[in-house]
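Down below is the structure, laid out as C-alpha cells.
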Amino acid sequence: MMVIRPIQIDDMTSLYRLAEQTGVGFTSLIPDEVILQRKIEASLHSFAKMELNQPANEDYLFVLEDTETGDVVGTTGLLAAVGLEEPFYSYHIGTTTHSSRELGVHNIHPTLVLNNDYTGISEVCTLFLEESYRHSKNGQLLSKSRFMFLAQFPERFTEKIFAEMRGVCDKNGLSPLWESLGKHFFSIEFERADELTALGSKQFIAELMPHNPVYVNLLPESAREVLGKVHEKTAPARHLLEQEGFRFENYVDIFDGGPTIEARISDIRAVRESRLCLSSVGTPKDANEGTHYLVSNAKLEDFRCILIQRATPPGSGLVLSDEEAKHLKVDYKDPVRIVELSPHARR
Amino acid sequence: MMVIRPIQIDDMTSLYRLAEQTGVGFTSLIPDEVILQRKIEASLHSFAKMELNQPANEDYLFVLEDTETGDVVGTTGLLAAVGLEEPFYSYHIGTTTHSSRELGVHNIHPTLVLNNDYTGISEVCTLFLEESYRHSKNGQLLSKSRFMFLAQFPERFTEKIFAEMRGVCDKNGLSPLWESLGKHFFSIEFERADELTALGSKQFIAELMPHNPVYVNLLPESAREVLGKVHEKTAPARHLLEQEGFRFENYVDIFDGGPTIEARISDIRAVRESRLCLSSVGTPKDANEGTHYLVSNAKLEDFRCILIQRATPPGSGLVLSDEEAKHLKVDYKDPVRIVELSPHARR
Amino acid sequence: MYLVRPADFQDLPALERLAQQAGIGFTNFPANRDRLNDKIASSKRALQTDVVNPGDETYLFVLVDEATGDVVGTSGLEAMVGLESPFYSYRIDEVVHASPQLQIHNRIPALFLCHDYSGTSRMMAMIINNQHQNPTAMSLLSRARLLFIAKHSDRFTQKLFVELRGDSDKHGYSPFWESLGKHFFSMDFKKADYLSGVSSKHFIADLMPRYPIYVPTLSSEAQDVIGVVHEDSAKTSDLLLDEGFEFRGYVDIFDAGPTVEARIQDLRTIREQKSGKTLISTKSEIEAKNTDSASYLISAGHLEDFRVTSARAISQVAGLSIDDQTSERLSIGSGSQIQWATL
Amino acid sequence: MYLVRPADFQDLPALERLAQQAGIGFTNFPANRDRLNDKIASSKRALQTDVVNPGDETYLFVLVDEATGDVVGTSGLEAMVGLESPFYSYRIDEVVHASPQLQIHNRIPALFLCHDYSGTSRMMAMIINNQHQNPTAMSLLSRARLLFIAKHSDRFTQKLFVELRGDSDKHGYSPFWESLGKHFFSMDFKKADYLSGVSSKHFIADLMPRYPIYVPTLSSEAQDVIGVVHEDSAKTSDLLLDEGFEFRGYVDIFDAGPTVEARIQDLRTIREQKSGKTLISTKSEIEAKNTDSASYLISAGHLEDFRVTSARAISQVAGLSIDDQTSERLSIGSGSQIQWATL
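Rendered as C-alpha cells:
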C-alpha cells in the first residue's frame, strides 16, 4: 500500500537517492547531504510545533512510502510562509495604457513589474515521484495529499497558497526570457542564477534586477511567448492544480517566465469538498472498485494519507479494512477526512 | 410586483429623478440630461447588439420598476469592458521587501503601484435604490439580478468581473488618502477630480499622477488606515458582493483608497448555483412563504428578473403564477433561470 | 558672397523649397506653408517686440546668395523651449547594479524620459541648399546666430542647445524608432516626426513610455545608433563641437540623435567676438595689407536690421577695416558699430 | 600660529578626542580608535605610494597649534569615493506633471537615489576644537587641502565635492530621518550614521527605498530641512561657497544635508595660487614693507613633507618674501619652491 507520511530522520538515504534522480533544473531537491539534512530537520521541527500564532517559516516535507517494500519513492512539501527571511521575487504582468485623445490613439502595454507580493504567503512546493512509480494514481495521491493536510490544519497556513511552475526552455535548454532580459542584468548563466536562488541566496536578485517595469513589447517575440507558459513536462502538474481551483493571476517567475498559480485554501476543491467522518474497522463493501477517495487521519506529527476505492459513497461513517486502518494509524471511532480523488465534471 | 428590466428610452424622466436623489460622491449618476440621455442610448445600443466577437464598450443599464405604480425606483448596470477607450487606473497594494543579511534586517514595505490592470475587464457598476424602497429585499433583487444576466450571457462579459467600492471620508467629507497623496499632484479639489473621472475625462490622471510606486509607510496613519476600507454606507453592498464570492485582491481606488473587489463570473455563487428550468403557468403551491428565489427569463432585450417565494424547492419545472409569468414575459415551456436569493450558510 | 538676415514673408517660397529638400528628420521645419508662414510671422513679431527676458520668441534667419539674390539656407533660434508643453529628451543614465557576493558590478545604461532642456534656448537645425554646402556658407549661417545672441543676450538663456539628426539605416529607417518608438506611437516615424513639428507636443507625454528603458532590452541595431549623428549632419556636428558644444548624454526621443549644449559664454564665437567701429577701405587696400588672409564674420545692425556677412578684413585697435562692398552689403557707413569674429 | 601637516600615528589620541567632540553627523570620523588608526595608516600609505591616477587613497591632515604643539583640528581628502561600494546620494529632481485640459502645471520635487558622486574626489568634513574655531584656523585647515590638490593634481579627479551636515531639531533629531530613513533602516539615526562610517556601505543599497520619494509625501518638518545646513556647519559652508563650491541639488541620504561641488580648476584658492621661490626676510622687514597687511596661505614640501601655514608676507615677481620664523615652521630655506594664496 502507498502511504503519505511526514518525513523522518532516517529517511535521509532515501531522500538523497530521490534527489539524485531529479536532474538539472530541479532546484528544490539537490543531492547535497548538508542541505537535505537541514531540510529534514526543519520539517521535523515544523511538525513538532504545537502552538502557532501565525504561519511563519515552517517547512513541511512529506514522503510517499511503498509499505510493501518499505521504500520511499516520492516526496512533496508545503511552506507555511515564504519571503519572511529572504525576499521572494516575482514579476507581475501588469497593464499600462497610454492614450492620446488628440490623435485617437489608445495603446495597451503589458509590463513586467518586479514585486515581492507573495511575501508571507504559503506555498505548495515541488513534487518528485520516482519514474517506476508513475502509475496507479500515485502522482495524484502525492500531490493531493497536501490538500488534505491543508484542510485539516488551515491555521498553519495563510488564506492563500501558491505554486510555482517551471517555465519554457528552448531545445538548447535555454530560457528565452532569461536570454533576452535576465542575463543583461546578471552576467551569470541561467543555471547558476537558478541554483543560487534555490540555495536561498536571493539577496543578489535585489541587487541586480531592474527595479523599473519592463515593457513586454520591447522584448523579442521568443521571450514574450513564454510568459506564463509551463515547460511541457510540467503541463500535467499545472492541469492537476488548475482542476483543483488554482488560477494564474499574472504572476510569473523572474528568470524563466513560468507561471505562478494560486488559490484560496478554502476554495481548493479537495479542501472544500473534503469532510470528516468516523472510522470503523471491518470489511468494507465493494472495496477496490468504483470511485477513488483520498483518506487521511486528523493527526499532525502522525499525519497519514492513503488512497481507497469504494463503489458506494461513504456516509458519516467510513469502514476501513484492517490494512487501511493500520496504515492510516486510526482506530474505531477516530475521525478521518475523506474526499473524492478527482473533481466531478462541471455542469 | 418589483421587476428588473433593461432601461428604455422613455425612462429618461425617471432616471433624472433618481440621479437628483443620489447626492455628492455618487459620480456614476449625475443629474445632467445630456449625460443621462447618452447613457440610455448606449444601453439600448448594447442590448440590441446581436453578434459580439468579444466584450467591448457595451454598457448595460437596468431599472427596477414597481409595476403597481409604474414607477422606476432603482437602477444598476454592467459594463462589458472598461478602459478600452479611456484608461482605467487603480493602485495595487504591492509588497516590496528590503533585507540586509549583514545587519539582520528584513523589512516588508507595502507600496502603491499605479496600474491599468483592469483594462478590458467587465465591471459591476454602482447601484441606486430610492430611499422609500429600501426594504423587502429590493436591494438584493437589484444587485443580484445582474448575476442572472451574467449567468445567461457570459459571452458578453470577460472571465473576471470587478466592482469599485466607495472609500472612507472623514467627518468633514474629506478623503484622508486624497489629502495626503492625490492633492499634491492634482492641485484641484477631490470632488472636482472625482467628477472629472466620472465624466470620463481620465486623461488628466495619466498626466498628473505619480508614476513611481508610493511607499505606504511614508503616508500619515490616517491615510494608511483607509486603504481598502469602504465608506460605512457602502459596507452592506460590499458584504453582499463578498457573500457572492467577490474578493479583495489588493486593488484600491487611486483617489480615496476604496477597495476594488473581483470575482471570476463562473465562481459567483448566484451564477454557479443558478440553473435553467422550464416554466409552466398555474397556481404555485406554497407561494409567498419559504425561500426567496431570483427568477429571470432567458431573453436579451426583453430581459426580466423578479423575486419569488416558494416553500418547496422547485425541480426541473417551475410553476409561475399568472402575474409572475406576465412580468417575466414567459409562457408555458419557456426556459427560466432560477437561484436561491441568498447563499446557504457554509459548512 | 553670402549674407545672413532675419527672414521675411517674401522668403516663404524659398523656405518651402528648402523644407522639401530637407525631408524628414527636421522636426522643426516641416514642408507646410502655413507653418512656415507662422514661423516667419513669429520671428518678425519677436524682432519688433521689446523683450527683457527670454520667452516664447523664435527667430528665423535666411542665408542669401548675393550673386543671385536667392535664399539658399535658413537657420533659427528659439529663446526658450518647453513653455507650452514640456520639451522631451531621453537622458542616458547608468544604473549600477552590484552584488559583492557574486562579484558582479554591472552598469546598465537606461533611457530616462526627461524635460531637462525645458526653459533653455535652442538653435534649430540649419538647412542649406546642396550647392551651397561649403565651409564658408555653413559657418556663416550657423555662427551668425551666435553673434545675434551675443548682441541680444537678454533675449536668451545662459545655456544653449542643439539637437542633431539621428542615424538611420540605408532604407531611411531609424532603427531606434523601429525598436522603441513605434511600439508606443502606433504610427510611422515620418508621421510622428511631422506631428511633433506641427501639433502641440502633448501627444508625446500621452504616448511615451513612462518607465526608463533599459538599453540592453533594445535591438542591437537600435543600441548602435543611440547618440550617433546622421551622416548628412556630420558637418554641422563638427562645426558645433568646434564651437564648444558638448554632448552631455541627452538624445532625441524619436531617433536617438544626440543633443549638444554649451553655456553661451563658453562658445568660441561669443568668447572671441570683438566689437568696435567700422573703418572703410578699398578692396585692394585690404587685400594688400591682409597678408595673413584673415577672413571675418562681421555683423551689424539690431534686431530686424541685423545682418551678418563674411569678408577679408583687418583688425585694428579702434575697429575693423572692411572694404566698401562689404559695408554696402551690411548697409553701414564708416564709424558704425559692428561685431566681428575670425571665420 | 597654526600649521597643517599630514597626520601621523602619534596624533591618534588627539584625533580620538576630536571625534568624540564632533559627535554624530560626522559619518566619516567615528570615535572609534581602530578606525582612526586605519585612517592614519591609509593616509600614510597613500603618501608613500607612487600614485598616477586617483584610486582609493585617503589623506588625513591635522591642524597643529604651534604655541602648544597640540593637534586641534583635522580634515581629510578622499581621492575617489564609491570604488568598493557605490557612494549614494539623493538627487532632487523635479517631476513635471501637466494637464492642459485642467490648466495645471505641477512641478513635484522628488528624491532619486543615485551614485552620481561615485568616482569623484571628496573633501571630508573638517573638525576643529571649539577654542580654535577662528577664521584663520578654519580657512587654513580647509584650504590647505586645496593647495595639496593643486600640487598633486594627478592624485585627484577634476571634480571635488563636500557633504555638509544636515539640519536637526532642538533635540538633535533629524526630521528628515524621522520621516524617511527610519522606515527603511529600522534603526535610529545614530546607529545608521555610525554603521555607514564603519561598515561596508552595502546595507544602504539593501535597505534604501528603490523608488523615487515624492517630497510632498514627507512630513513638512522633513521637507523644510532638505538641503539645509546644520547651524554648526554654517561657517564651513560659507567658506566653501566662497571658494566657489556650488549646490547642484544633491543631498545626503540620511539627514538631507546638502552636497556642494566644484571643478577643481574653478576653485578660488587653486585658480589664484601662485608658486615660486622662497625669499627670506626678517619679521620686522616684512612688517615694515607689508603696508596692506596681506596674509598668505603658504605651502611647501611634497606628500609626507607637505606643510601649510599662514603668515604675513610680500609677493614679489620672483617669489614670496616670508619671515624666518615662517620658513622655519615650514622647514624650508631660501630658494625653496613654495605655493601661496591670499588668506
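Chains as they are written, first to last, in the numbering used here: chain A, 575 to 921; chain B, 575 to 921; chain C, 2 to 344; chain D, 2 to 344.
Every residue, glycine too, gets a C-beta built ideally from N, C-alpha and C.
Contact with chain A by residue i, beta-carbon distance below 8 Å
i                      : result
residue 238 of chain C : no
residue 810 of chain B : no
residue 207 of chain C : yes
residue 187 of chain C : yes
residue 231 of chain C : no
residue 704 of chain B : no
residue 713 of chain B : no
residue 889 of chain B : no
residue 903 of chain B : no
residue 130 of chain C : no
Proximal chain C residues relative to residue i, where beta-carbon distance stays under 7 Å
i                      : result
residue 786 of chain A : 212, 213
residue 748 of chain A : Going along chain C, no residue has its Cβ under 7 Å from residue 748 of chain A, so there is no contact; the nearest lies around 17 Å.
Helix, strand or coil at residue i [DSSP, three-state]
i                      : result
residue 139 of chain C : helix
residue 118 of chain D : coil
residue 821 of chain B : strand
residue 328 of chain D : helix
residue 784 of chain B : coil
residue 883 of chain B : strand
residue 158 of chain C : coil
residue 664 of chain A : strand
residue 40 of chain D  : helix
residue 127 of chain D : strand
residue 692 of chain B : coil
residue 163 of chain C : strand
residue 907 of chain B : coil
residue 290 of chain D : helix
residue 596 of chain B : helix
Interface flag, residue i vs chain D, CB-CB below 8 Å
i                      : result
residue 97 of chain C  : yes
residue 87 of chain C  : yes
residue 16 of chain C  : no
residue 782 of chain B : yes
Chain-ordered chain A contacts of residue i [CB-CB under 8 Å]
i                      : result
residue 116 of chain C : The premise fails here: residue 116 of chain C is roughly 17 Å from chain A at the closest Cβ pair, so nothing lies under 8 Å.
residue 690 of chain B : 668, 669, 670, 671, 682
residue 181 of chain C : 792
residue 204 of chain C : 674, 676, 677, 679
8 Å contact criterion, which residue i and residue j should meet: CB distance rounded
i                      : j                      : result
residue 279 of chain D : residue 328 of chain D : 6 Å
residue 211 of chain C : residue 244 of chain C : Not really, about 36 Å apart at Cβ, beyond 8 Å.
residue 91 of chain C  : residue 229 of chain C : In fact, because the Cβ distance is near 14 Å, the residues do not count as touching under 8 Å.
Partners in chain B for residue i, counting only beta-carbon separations shorter than 7 Å
i                      : result
residue 687 of chain A : 687
residue 359 of chain D : Nothing in the structure corresponds to residue 359 of chain D, since chain D is present only between 2 and 344.
residue 657 of chain A : 671
Within chain A, partners of residue i - CB distance below 9 Å
i                      : result
residue 660 of chain B : 671, 673, 675, 680
Cβ of residue i within 8 Å of any chain B Cβ
i                      : result
residue 693 of chain A : yes
Listed by chain order, chain C residues near residue i by CB distance under 8 Å
i                      : result
residue 663 of chain A : Near residue 663 of chain A there are no residues of chain C at all, since even the closest Cβ is about 14 Å away, more than 8 Å.
Within-8 Å CB hit, residue i to chain C
i                      : result
residue 751 of chain A : no
Next item on the list: Please go through the stretch 799 to 847 of chain B and give each complete alpha helix (DSSP H) segment of 4 or more residues, from N-terminal end onward.
Entry: DSSP runs (the alpha helix (DSSP H)) wholly in the stretch 799 to 847 of chain B: 809 to 817, 843 to 847.
Next item on the list: Enumerate, from N- to C-terminal direction, the unbroken alpha helix (DSSP H) stretches of 4 or more residues contained entirely within the stretch 187 to 238 of chain C.
Entry: If we require 4 residues or more, the alpha helix (DSSP H) runs fully inside the stretch 187 to 238 of chain C come out as 190 to 199, 203 to 208, 221 to 226.
Notebook entry, point to check: What runs of the beta strand (DSSP E), each 3 residues or longer, lie entirely inside the stretch 703 to 742 of chain A?
Noted result: As far as the stretch 703 to 742 of chain A is concerned, its whole beta strand (DSSP E) runs of at least 3 residues are 734 to 738.
Checklist line | 3-residue-minimum beta strand (DSSP E) runs that sit fully inside the stretch 249 to 275 of chain D, ordered along the chain | finding: Listed in chain order, the complete beta strand (DSSP E) runs (minimum 3 residues) inside the stretch 249 to 275 of chain D are 259 to 264.
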